[in-house]
Amino acid sequence: MMRRFLMAVLFSLAFAGVQAQDAKQKVQEDKLSRLMEEREQLVMEYQYYNQQNSNFWGKKSKSDLLSIVETLKKIINKDTELIAAVKEASIKKIAESTVGAQREGKIIREDQRIIDARFANLQSQVKTLQSQLKKRERTIKDLEEQVNASAELRYGKDKVISILAVVCFILLLYAVFLQVRLGKAKAAAAKPRARKKV
16 MMRRFLMAVL FSLAFAGVQA QDAKQKVQED KLSRLMEERE QLVMEYQYYN QQNSNFWGKK
76 SKSDLLSIVE TLKKIINKDT ELIAAVKEAS IKKIAESTVG AQREGKIIRE DQRIIDARFA
136 NLQSQVKTLQ SQLKKRERTI KDLEEQVNAS AELRYGKDKV ISILAVVCFI LLLYAVFLQV
196 RLGKAKAAAA KPRARKKV
């Protein structure tokens, strides 16, 4: 009877251990699936920003490029979390059995390689976008300088036109003044002739 009792206790301990192990595995899988879903959302956000062309010239604006860079940084951070979660899950599985360890080791290496490749790809995209952003900033600065130069040129022309208009107005007043004076001089000259005729 004691033997049956010990067998029952050992069986229930083994059953409880299996259930605890299943619960831990389920929590780990839930964490990975949640991280993958968050990453997919970030990838969709990246694709959305990448399709934006809200610049004056129909290209990506500075804010679009900044949004793309920020989204790529979030994706990289999420990939880092995924790597950490995958490493955590793999370490637990390696500790559970040596047979599973070899299989998990291959999966981990392959996942690590894939994630590293994605990480390197995303880093190169970030560098490319940053260089494009710098190029656009230089272009914007050049265009602003051109606008300022044309505004100064236009201001100079407007100044010359204003000065010429004032000079023309003064000459017109002078011509009117001379006309009035000439008229008075003719009138003054006509009065002595009229007196002589009388």
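Counting the sequence shown from 1 gives a position; the working numbering is that position plus 15. The beta-carbon is built from N, C-alpha and C at its ideal position, and this holds for glycine as well. None of these values were measured; they are calculated from a predicted model.
Are there 16 or more other CB atoms within 10 angstroms of the CB of residue i, so buried, or fewer, so exposed?
i: Y61; result: buried
i: L57; result: buried
i: L168; result: exposed
i: D79; result: buried
i: S105; result: buried
i: I123; result: buried
Ordered along the chain, which non-local residues of its own chain (more than five positions away) have a Cβ less than 8 Å from that of residue i?
i: R54; result: I90, K93, D94 and L97
i: T86; result: L57, E60, Y61 and Y64
i: L50; result: K93, E96, L97 and A100
Please return the same chain residues whose Cβ sits closer than 7 Å to the Cβ of residue i, not counting the five positions on each side in sequence.
i: I83; result: Y61, Y64, N65 and L144
Out of the options, point me to the one whose CA is closest to residue i's CA.
i: L81; options: L47, Q140 and R196; result: Q140
Who are the Cβ neighbours of residue i in its own chain at under 6 Å, not counting the five residues just before and after it?
i: Q43; result: A104
In chain order, what are the residue ranges of uninterrupted alpha helix (DSSP H) at least 4 long that sit wholly in the region 74 to 157? 77 to 111
Would you call the region 128 to 138 and the region 156 to 168 touching, i.e. three or more CB-CB distances under 8 Å? no
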